[in-house]
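Numbering (my numbering), first residue to last: 9 to 458.
Note that beta-carbon positions come from the ideal geometry of N, C-alpha and C, so glycine has one too.
Because the structure is a prediction, the values reported are computed rather than measured.
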Amino acid sequence: MSETSNPKDPLNVAVVVVGDLNRSPRMLNHCVSLSESFSDINEISLIGFNGGDIRSDISSNPKIKQYYIREGTNKFLRKLPKFLFIFVALIKIVIQVISLSWILLRIPKFRFLILQNPPGIPSMLICWLICKIRRSKYIIDWHNYGYTILKVNNRPNFIVNIAEKYEKYLGKKSDVNFCVSQAEKRDLKKEFNIEAVCLPDRPVKGLFKFLNENEANNLYKKYPNELSSLIDSHLPENKSKKPIVMISSTSWTPDEDFSMLLNSFIKTEEMLLEHIEDKEKKTFENITEDKIKKVLFLITGRGPLKEQFMKKVSEAKLKYFEVKSIWLDSDDYPKLLSLVDLGISLHYSSSGIDLPMKVVDMFSGCLPVASIYYDTIVELVEENKNGFLFKTDKDLCKILKNVILEFSLTGKCQKIDKYRENLHKDLDKNDWVSQWKQRVIPSLKKKNIV
């Protein structure tokens, strides 16, 4: 027998993502906003995979309780040949259906549920059915489309077609919809006939810490293998040798073209040497080979293509780029971002209408970004305001070359300093929680959810 809603019931909310909780910052931000916006909230049930340590504003909040879904894979299944993809996927889905259903049926009765999509298989169906059973409202937060990701990953066409029909059908069952961009809002209306509220990702105030020199040095020492060149630069005799620090965050999946990054490193080094040898150069005239600063390029994340990429980097024998793969504790990642000179985003979107959360993280640390161009990215990265845009590896090379030359001669880059200043101003007036209150609460009230 289904449960009935009572306005006097304690306010409980479920937040669901079929992914690692510590790698789902937008859903964590929903939890923060719920906690800050409703003083009478009893429990926020945060549901997803246990991907490891989670940031402290979530783990220390007594209102947020974590529940873990069984992933449905083990070492044996992951080693099976690719042609058994459908078999492995079915096993995963069955296990996840049972695990997610059990969690949603046993947690405190929730007034509404917020589901991240993608991934929507099997979560869209399970969440809709259990919301029906428990007389709760069903909300989808659209980040992208699952079927387009399957397409990018070269899954069979019939699988992609089934996933598209599944997503469109179950998307219409939701009571409220949010999405990350104006482009996605328009596309949801056109392709799905779904009215969504655009809720762009924004920085969370206070989440990203700006460290003094001693705090920075302590952070470097925590990762001695990856950050050794920064530790060395703290010695008085090595101050002038401090490298330019750049960072990119990735899940090492096919919707980010990291071959472009490696090609850019190689071509940038060629362009730097050509510039030094050019006797008619009109910019950075005083540069010599011994004055060119090195770049410490950090790549965070885990995924299937990492080892392959790092092997190619090693084989390239780069002179000016030291490339390190790094995995940071949840609370250390935002600290490190505030100490980096430039972020790089190669996320081009499987659908063309989503926005990369990694860029929002970088902006939260007031870190300017160079991002690959696609139509929707201009909703987030604005040239001459908070970052650079590039279309080809040649475009990226020009950005990298000019940044390296300017740092090498002056110790700073005027454009990066200007963009960082603009990001500081935006952080003070346009944060996630204030936007969430302006856009989400009216949507919930309109449907008599709160």
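{"query": "Since Asn222 is in the alpha helix (DSSP H), which residue starts that stretch and which ends it?", "result": "Glu221 to Lys230"}
{"query": "Taking the Cβ atom as the reference point for each residue, do Asn50 and Asn20 lie within a distance shorter than 8 Å?", "result": "yes"}
{"query": "Taking just the CA atoms, how far does Lys249 sit from Ser353?", "result": "26 Å"}
{"query": "Using 8 Å as the Cβ pair cut-off and three pairs as the minimum, do the segment 398–414 and the segment 269–281 touch?", "result": "yes"}
{"query": "Just mark Lys327 as buried or exposed, buried being the case when its beta carbon has 16 or more other beta carbons within 10 Å.", "result": "exposed"}
{"query": "CB-CB under 6 Å to Lys299, same chain, minus the five flanking residues each way: which ones, in chain order?", "result": "Ser416"}
{"query": "Measure the Cβ-Cβ separation of Phe371 and Leu313 and say whether it is below 8 Å.", "result": "no"}
{"query": "Just list the residues that DSSP pairs Ile72 with in beta bridges.", "result": "Ile52"}
{"query": "Does the distance from the CB of Lys449 to the CB of Ser144 come in under 8 Å?", "result": "In the sequence under discussion, the amino acid at residue 449 is Ile, which differs from the Lys named in the question. Cβ distance not < 8 Å, so Ile449 and Ser144 don't count as in contact."}
{"query": "Is it true that the segment 54–67 meets the segment 338–353, where meeting means three or more beta-carbon pairs spaced less than 8 Å apart?", "result": "yes"}
{"query": "Less than 8 Å between C-beta atoms, sequence neighbours within five positions excluded: which residues of the same chain meet that for Leu219?", "result": "Leu227, Lys343, Ser346 and Leu347"}
{"query": "In whole angstroms, give me the CA-to-CA distance for Asn30 and Gly60.", "result": "7 Å"}
{"query": "Where does the unbroken beta strand (DSSP E) through Ala22 begin, and where does it stop?", "result": "Leu19 to Asp28"}
{"query": "Among all the DSSP beta bridges, which residues are the ones paired with Asn185?", "result": "Ile148"}
{"query": "If I follow the unbroken beta strand (DSSP E) through Glu330, where does it start and stop?", "result": "Phe329 to Ile334"}
{"query": "For Pro211 and Asp439, which I take to be in contact (beta-carbon distance under 8 Å), what is that distance rounded to the nearest angstrom?", "result": "6 Å"}
{"query": "Quick one: Cα of Phe118 to Cα of Lys454, how far?", "result": "18 Å"}
{"query": "Nearest-angstrom Cα distance between Thr276 and Lys406?", "result": "7 Å"}
{"query": "Please check the pair Phe120 and Ile147, which I expect to be a contact at CB under 8 Å, by giving their CB distance rounded to whole angstroms.", "result": "6 Å"}
{"query": "Whole-angstrom Cβ separation of Ser256 and Gly351, contact assumed at under 8 Å?", "result": "7 Å"}
{"query": "Name the two residues that bound the continuous alpha helix (DSSP H) containing Leu178.", "result": "Asn165 to Gly179"}
{"query": "What alpha helix (DSSP H) runs, 4 residues minimum, are completely inside the segment 344–399?", "result": "365–372"}
{"query": "Keeping to the same chain, check which residues put their C-beta closer than 8 Å to that of Tyr427; ignore five residues upstream and five downstream.", "result": "Pro376, Lys393, Asn394 and Gly395"}
{"query": "Ile255 lies in the beta strand (DSSP E); which residues open and close that run?", "result": "Ile252 to Ser257"}
{"query": "Give the DSSP-derived three-state secondary structure of Val102 in the structure shown.", "result": "helix"}
{"query": "Could you give the DSSP three-state label for Cys206: helix, strand or coil?", "result": "strand"}
{"query": "Roughly how many angstroms separate the alpha carbons of Val188 and Tyr381, rounded to a whole number?", "result": "17 Å"}
{"query": "Which term fits Lys229, buried or exposed, when burial requires 16 or more other beta carbons within 10 angstroms of its beta carbon?", "result": "exposed"}
{"query": "Does DSSP put Asn37 in a helix, a strand or coil?", "result": "helix"}
{"query": "How long is the line joining the alpha carbons of Ser451 and Arg310, rounded to whole angstroms?", "result": "36 Å"}
{"query": "Does the segment 229–240 come within contact of the segment 358–365, defined as at least 3 CB pairs closer than 8 Å?", "result": "no"}
{"query": "Mind checking Asn185: buried by the 16 CB within 10 Å criterion, or exposed?", "result": "buried"}
{"query": "Determine the closest residue to His432 out of Cys206, Cys374, Val386 and Ser442, with distance taken between C-alpha atoms.", "result": "Cys374"}
{"query": "Kindly indicate which three-state DSSP category Thr12 falls into: helix, strand or coil?", "result": "Note on Thr12: pLDDT 47, under 50, position unreliable in the model; the coordinate value appears next. Here Thr12 sits in coil by DSSP."}
{"query": "Of the choices Glu199, Ile167, Asp149 and Val441, whose alpha-carbon is the least far from that of Val205?", "result": "Asp149"}
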